[in-house]
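Okay, structure first, notes after.
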Amino acid sequence: MRFFEDIEIGAQREFGSFTFTADDIKRFAAQFDPQRFHLDEEEGRKSLFGGLAASGWHVAAVCMKLLVADGKRLTAEAVARGEKVAVWGPSPGFRELRWIKPVLAGDTGVPGLRFAPSGLRAHPPNMVSQLSR
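Going letter by letter, the sequence shown gives residues 8 to 140 in the working numbering.
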C-alpha cells in the first residue's frame with residue numbers, strides 16, 4: 008500500500024476488469040435505473056447507444072467494487088511483507104463524473120486511475136487520496 012508521499016504525479020493504476028452481461032445490466036437497471044435502453048435489447052438498439060447499455064451508475068458501482076478489492080489485495084500483500092499499511096477511510100468524493108462512451112452488453116471494462124497534480128491533497132497521517140482525471 009502506498010502512502011500519499013509515495014504517489015508519483017502522472018502514475019497510472021489499473022485494478023481489475025469486469026464483463027457486463029445482458030442479465031447483469033437488466034438486473035441492475037430494474038432495481039436502480041429502470042430506463043428502457045437499460046432494460047430491453049430492442050429499445051437499446053433503437054436508442055442513441057445502439058445496444059443494451061449499462062447504466063452509468065452500474066459502471067461506477069463496478070469500478071468501486073474493483074477498486075476496493077484491489078486495495079484489499081494490496082493491503083494483504085503489504086502485511087505479508089511486514090510493511091506498514093495505509094488506513095482506508097471514507098472517499099474524499101469527486102468533482103466531475105462523465106459517461107463519455109456507452110458500456111454495452113458483452114463489453115469488458117478495465118477501470119483505472121491517473122494521479123493528477125491538482126488531485127492530490129494532504130490528509131491526516133496514514134491516509135491516502137487517490138483522485139484521477
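Cβ coordinates follow ideal geometry from the N, Cα and C atoms, glycine included.
Spatial neighbours of T115 in its own chain (CB-CB distance under 6 Å, excluding positions within 5 residues in sequence) are listed in chain order as S24 and T26. Counting the other Cβ atoms within 10 Å of the Cβ of P118 gives 16 or more, which makes it buried. Burial of F22 is indicated by the presence of at least 16 other C-beta atoms within 10 angstroms of its C-beta. The beta carbon of I32 is closer than 8 Å to those of H45, L59, A60, A61, S62, H65 and A112 in its chain, skipping five residues each way along the sequence.
For Q42, the three-state secondary structure derived from DSSP is coil. Taking a C-beta distance under 8 Å as the contact criterion, A29 and E48 qualify as a contact pair. Apart from sequence neighbours up to five positions away, the residues of its chain that approach L74 with a beta-carbon distance below 6 Å are F22, ordered along the chain. In its own chain, leaving out the 5 sequence neighbours on each side, no residue places its CB closer than 7 Å to the CB of G100. In the DSSP assignment, E15 forms no beta bridge with any residue. By the 16-neighbour rule on beta-carbons within 10 angstroms, V110 is buried.
E103 has its alpha-carbon roughly 12 Å from the corresponding atom of A67.
Looking at the DSSP output, G116 bridges to F25.
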